[in-house]
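Asker: Below is one structure. I have some questions about it.
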Amino acid sequence: MENLIEHPWYSAYPDGIERHLDFPECSLYQMLENSVEIFGEQTALIYQGEQISYQTMKDKVDRLANVWDELEIGKGDRIGLMVSNCPSYVYAFYAAQKLGAIVVQMNPMYTPREMEYITNTVDTRYLVTESKYLEKVAQVAETNPFKHVFVIDDEKRQNFDVQSIPSLIQSQQRKQLEPTVITPKEDIAVIQFTGGTTGKMKGAMLTHYNLVANVIQSYLMYGEEMKKGKEVTLTCTPLYHVYAMTSGMNLSIYLGASNILVPKFQVDRVLELIQTYRPTFFPGVPTMYNAFINHPDVESYGLNCLKFCSSGSAPLPIDVIHRFEKVTGATIGEGYGMSETSPSTHRNPTQGVRKIGSIGIPFPGTDSKVVDVEGSELPPGSVGELIIHGPQVMKGYWKNPEETAKSLKNGWIHTGDLATMDEDGYFYIVGRKKELIISGGFNVYPQEIEGVLYEHPEVKEAAAIGIPDDYSGERVKAYVVLNEGAKTTSGELTNFCQERLTRYKVPKEIEIRDSLPRNSVGKLLKRHLVKEEQYRNTEAR
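This is how it looks when you write it as structure tokens:
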């Protein structure tokens with residue numbers, strides 16, 4: 000009874016899950032070896048019509064590791080991966096893990112300045128990229144010279160010293176190269192940079208143990224319905240993002256699933272892939288689910304093959320969940336995660352009670368609390384900061400002890416998100432600590448306002464922020480993108496909010512616009528909206 004009082008979510012776990020778990024201390028490469036031994040001849044990757052078996056995939060990983068070993072790339076060396084979803088990403092990722100090197104995840108959309116910051120911060124001397132990005136790679140190399148640059152294609156668009164990964168793999172002779180000895184709890188596998196919402200980007204150090212544990216936790220949360228060797232994953236979210244790396248790539252390998260790699264999300268193309276390959280698992284983001292429900296012919300593509308859908312990177316509006324599930328028959332398991340936690344920590348269980356609008360319950364082996372500003376745990380129903388403890392929590396930020404000390408206290412990661420927990424142990428995110436709007440002394444949570452706006456049938460996207468106000472301290476402003484052909488006005492949306500929100504929560508201004516600023520994985524960039532308002536205020540003076 001004591002455990003249920005302290006951890007009320009235990010009773011919501013799928014059948015067969017132990018309350019206290021010991022996760023295996025193995026490397027990511029060992030995880031790959033284990034799956035190849037079991038599923039060797041089954042399809043591991045599907046890319047642009049080509050199907051690649053587990054055995055072939057491992058053979059290419061090993062050949063690339065041989066090449067890199069000859070180039071004296073070894074344990075602890077940082078290798079930047081700046082590519083779209085493709086088999087070469089997988090080969091490079093796992094070749095690095097075999098050698099004990101550290102993968103540095105890099106968004107291909109980074110500017111040269113951002114690339115320079117990351118390569119400087121972690122001393123990245125090796126880079127895997129695409130030929131079309133070589134121009135900006137050359138700019139970075141002027142001040143941050145790379146020892147070796149590799150491209151995933153054979154095309155070279157400028158005079159730059161690069162080597163082609165497909166050519167290197169093809170020319171390399173097979174030889175026995177023993178994997179580097181790894182200490183899973185200590186050795187870093189991946190440096191995942193945070194989005195920089197609080198300033199300069201920070202490199203979260205994720206160990207082999209962190210990442211393997213999170214894969215197993217994810218699998219357990221799906222319950223007995225998820226079958227090893229039987230699933231087909233559709234990975235459209237970019238693998239350089241921690242969510243896709245774990246839920247799209249690593250979980251698929253652990254499961255022995257076939258993984259359809261999509262370099263760019265285009266809704267018509269993705270629907271065709273669903274119709275052709277009948278995937279069972281789709282780790283998506285809100286913009287993708289929005290695209291599905293707004294496609295005029297979505298019901299004709301048979302999305303009922305999707306048994307498991309998850310959503311990450313940003314909160315998923317309740318209205319989008321209902322509409323997606325109505326038109327497809329699929330179920331979305333909304334959850335929570337962050338770069339610092341490998342990334343997943345909470346999810347609504349596939350079996351048992353699902354509470355739409357919540358982030359669900361903590362993963363097996365994960366503890367979670369809502370605390371006040373002093374760090375004291377708050378009772379159910381109270382709003383405070385969400386903190387998390389578990390095997391997936393990062394080792395710290397790369398060479399940044401000050402920020403590590405702020406975020407990681409006694410093994411607990413302080414998320415910066417405001418949350419509440421109900422009596423059953425289900426958690427709800429109500430906003431970011433830094434996004435909390437205080438208007439006339441009242442706390443206003445942007446997510447509540449956005450949720451109301453999403454209820455309007457003509458609203459496609461919504462965002463709310465606080466802007467300075469001489470009278471109330473801050474006033475609420477909302478930004479809305481309408482569905483195609485919609486005629487709703489700002490005044491009508493204000494009236495809609497007035498019928499559903501307390502007076503001080505109603506936006507004082509609603510701006511209708513063509514789009515909202517988002518990053519490459521669909522995460523809303525509210526800081527850009529804040530900067531817009533700051534610029535407008537400066538111009539008005």
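Heads up, the sequence shown is in numbering that gives the first Met the number 0, so the first residue is 0 and it goes up one at a time. The beta carbon of each residue, even a glycine, is placed where N, CA and C say it ideally should be. This structure is a prediction, so every number in the text was calculated from the model and none was measured.
(1) Compare the beta carbon distance of Leu305 and Glu333 with 8 angstroms and say whether it is the shorter of the two.
(2) Give me whichever residues DSSP pairs with Gly334 in a beta bridge.
(3) Determine the DSSP secondary structure at Ser360, reduced to helix, strand or coil.
(4) For Pro467, list the residues DSSP reports as bridge partners.
(5) For Glu20, which residues in the same chain have their Cβ closer than 7 angstroms to its Cβ, ignoring the five residues on either side in sequence?
(6) Measuring only between beta-carbons, confirm whether Asp153 sits less than 8 angstroms from chain C.
(7) For the pair the stretch 49–56 and the stretch 113–130, tell me if three or more CB-CB distances fall below 8 angstroms.
(8) Tell me the rounded alpha-carbon separation between Met225 and Gln497.
(9) Between the beta-carbon of Gly424 and the beta-carbon of Trp67, is there less than 8 angstroms?
(10) Does the distance from the CB of Tyr276 to the CB of Ile45 come in under 8 angstroms?
(11) Starting from Pro285, trace the alpha helix (DSSP H) in both directions and tell me its first and last residue.
(12) Looking only at DSSP bridge pairs, what is Thr232 linked to?
(13) My guess is that Thr123 and Val103 are in contact by the Cβ rule of under 8 angstroms, so how many angstroms apart are they, rounded?
(14) Count Cβ pairs between the stretch 30–45 and the stretch 450–470 that sit closer than 8 angstroms; are there 3 or more?
(15) Going by other Cβ atoms of all chains shown within 10 Å of its Cβ, with 16 needed for buried, is Gln533 buried or exposed?
(16) Which residue or residues does DSSP assign as beta-bridge partners of Cys308?
(17) How many Å lie between His6 and Ile412 at the Cα?
(18) Near Leu524, which residues of its chain fall below 7 angstroms by C-beta distance, leaving aside the five closest residues on each side in sequence?
(19) Tell me, please, whether the stretch 372–391 touches the stretch 335–345 by the rule of three or more beta-carbon pairs shorter than 8 angstroms.
(20) For the stretch 18–33 against the stretch 204–223, do three or more pairs of beta-carbon atoms, one drawn from each stretch, fall closer than 8 angstroms, so that the two count as touching?
(21) Which of the three DSSP states, helix, strand or coil, is assigned to Gln175?
(22) Only counting the same chain, and skipping five residues up and downstream in sequence, which positions put a Cβ closer than 6 angstroms to that of Asn482?
(23) Do Pro282 and Val236 come within 8 angstroms of each other at the CB atom, strictly closer than that value?
(24) Who does His413 pair with in a DSSP beta bridge?
(25) Assign Met105 to buried or exposed, taking buried as 16 or more other Cβ atoms, counted over all protein chains shown, within 10 Å of its Cβ.
(26) For Met200, which residues does DSSP report across the bridge?
(27) My assumption, with CB atoms under 8 angstroms, is that Val480 sits in contact with Ser514. Please give the rounded CB distance.
(28) Report the residue from Asp160, Arg112 and Lys131 whose alpha carbon sits nearest the alpha carbon of Tyr125.
(29) Three-state secondary structure (DSSP) at Thr142?
(30) Look up Phe192 in the DSSP assignment and say whether it is helix, strand or coil.
(31) Once you ignore the five residues that flank Glu339 on each side, which residues in its own chain have a CB closer than 6 angstroms to its CB?
(32) For the stretch 166–183 against the stretch 233–252, are there 3 or more C-beta pairs whose distance is under 8 angstroms?
(33) Just the C-alpha distance for Asp416 and Gly472, rounded to the nearest angstrom, thanks.
(34) Grouping DSSP H, G and I as helix and E and B as strand, with all else coil, what is Lys263?
(35) Less than 8 angstroms between the C-beta atoms of Val266 and Tyr288, yes or no?
(36) Pro545 and Lys97 look like a contact to me (Cβ under 8 angstroms); what is the Cβ gap, rounded to whole Å?
Answerer: Taking the geometry as given:
(1) no
(2) Arg346
(3) The residue you asked about is not Ser; residue 360 is Ile in the sequence shown. Reduced to three states, the DSSP call for Ile360 is strand.
(4) Glu473
(5) Before going on, a small fix: residue 20 reads as Leu here, not Glu. Here the set comprises Pro363 and Gly364.
(6) You won't find chain C in this structure, because it holds only one protein chain.
(7) no
(8) 44 angstroms
(9) no
(10) yes
(11) Pro285 to Ile292
(12) Asn258 and Phe280
(13) 5 angstroms
(14) no
(15) exposed
(16) Phe281 and Ile331
(17) 18 angstroms
(18) Pro516, Arg517 and Asn518
(19) yes
(20) yes
(21) coil
(22) Glu457 and Lys459
(23) Val is not the amino acid found at residue 236; the sequence shown has Thr there. Contact flag set, yes.
(24) Ile386
(25) buried
(26) The partner list for Met200 (beta bridge, DSSP) is empty, contrary to what the question assumes.
(27) 6 angstroms
(28) Asp160
(29) coil
(30) strand
(31) Ala203, Met393 and Ile412
(32) no
(33) 22 angstroms
(34) coil
(35) no
(36) Nothing about residue 545 can be read from this structure; the chain reaches only from 0 to 540.
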